[in-house]
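S.K.:
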Amino acid sequence: MSGTAGGFQQQFSEPAADPVVVLSAWVADRPRPSSPLNRLANLDLVVTNFTVFPARASDGDALGEIHAASWTAAYAGFFAPEFFAEAIRQRRTKWHDMLSREQDSVILAALDGRPLAFSYRGVSPARPGSAEIFGFYGHPDAWGTGIASALMTATLDSLRESGIGHVHLWTLRDTPRSRRFYAKCGFTESGETRGHDFGDGRPVEQVEYHLTFSRA
């Protein structure tokens, strides 16, 4: 799964100052998932005016719009214009196919009914026994609203409740907004770095963040 989520890049607003209150309710017409990592497959969460829910097969266009808009706003300075234009096109169109294979790995967050953020997570291929957040993106229209905090709360809760004890992710070294966000969500730097090539032959440096869930 490494590299399939747009290179593990995340760019998000900082958490809202007010605490996030999560209210949950089971949706009766959705089957209970077989995998513990997919507990959100039949759960909708209402978080103030945010709705956090599992992605459906019909959500490919919404995911593509969020992914493309986030990349356009956050990463243009890291790539040559010609390569970047094609990278944006791919991220706008890839999610229909992705959802056909990995729908249960994606969680969407909507603000007043409009999908504006998503996370893509699963079992880590590099850290046995851990989960990895492969992608965490927010549309620029939602930056500063607190939707990122609501989505991260739901994402981490789904992993914690599955019995996973540890989660990690990678983000660009030179994206201070995303790094502040992860730190405020409880992640710390692991000390690991790597160069990741998005396909243009010019690796960019990433840093790893991780979080260990406390046990009651």
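Residue numbering for the sequence shown follows the numbering used here, beginning at 31 and increasing consecutively. Backbone N, C-alpha and C fix where the C-beta goes; we use that ideal spot for every residue, glycine too.
Sorted by chain position, which residues of the same chain lie with C-beta nearer than 7 angstroms to residue 177's C-beta, five sequence neighbours on each side aside?
M.R.: Excluding sequence neighbours, residue 177 sits near 80, 139, 141, 146, 147, 168.
S.K.: Of all the options 103, 108, 123, 119, which has the alpha carbon lying nearest to the alpha carbon of residue 89?
M.R.: Of the listed residues, the one whose Cα sits closest to residue 89 is 123.
S.K.: Would you mind working out which of 100, 199, 104 sits nearest residue 160, comparing C-alpha positions?
M.R.: If we check each option's Cα against that of residue 160, 199 comes out closest.
S.K.: Taking the alpha helix (DSSP H) that residue 111 belongs to, which residues open and close that run?
M.R.: Segment 111-123, the alpha helix (DSSP H) holding residue 111.
S.K.: Select from 158, 93, 98, 109 the residue whose C-alpha is nearest the C-alpha of residue 227.
M.R.: Ranking the options by Cα distance to residue 227, first place goes to 109.
S.K.: Here's the rule: buried if 16 or more other CB atoms are within 10 angstroms of the residue's CB, otherwise exposed. What is residue 98?
M.R.: That one is buried.
S.K.: Relative to the C-alpha of residue 133, which candidate in 219, 84, 144 has its C-alpha closest?
M.R.: Out of 219, 84, 144, 84 has the C-alpha closest to the C-alpha of residue 133.
S.K.: Helix, strand or coil for residue 131? Go by DSSP, reduced to three states.
M.R.: Residue 131: helix per DSSP, three-state reduction.
S.K.: Taking 6 angstroms as the cut-off, is the CB of residue 173 close to at least one heavy atom of the ligand NAP?
M.R.: As for the ligand NAP, it is missing from this structure, which has no ligand bound.
S.K.: From residue 86 to residue 96, what distance separates their C-alpha atoms?
M.R.: Rounded to the nearest angstrom, the two C-alpha atoms are 15 angstroms apart.
S.K.: Return the Cβ separation of residue 208 and residue 240 in integer angstroms, given the expectation that the two are a contact with Cβ distance under 8 angstroms.
M.R.: So it is not a contact: roughly 15 angstroms between Cβ atoms.
S.K.: What separation, rounded to the nearest whole angstrom, lies between the Cα atoms of residue 244 and residue 103?
M.R.: Using only the alpha carbons, I get a separation of about 35 angstroms.
S.K.: In the structure shown, what three-state DSSP assignment does residue 97 receive?
M.R.: In the structure shown, residue 97 sits in a helix (DSSP, three-state: H, G or I).
S.K.: Report all residues from its chain with a CB closer than 8 angstroms to the CB of residue 185; omit the five preceding and five following residues, and keep chain order.
M.R.: These residues qualify, in order along the chain: 137, 149, 151, 163, 166.
S.K.: Residue 245 by DSSP, collapsed to three states: which one?
M.R.: The answer is coil: DSSP assigns residue 245 none of H, G, I, E or B.
S.K.: For residue 185, which three-state DSSP category applies?
M.R.: Helix, per DSSP.
S.K.: Exposed or buried, residue 144, counting other C-beta atoms within 10 Å across all chains shown (16 or more means buried)?
M.R.: By the neighbour-count rule (16 or more Cβ atoms within 10 Å), residue 144 is not buried but exposed.
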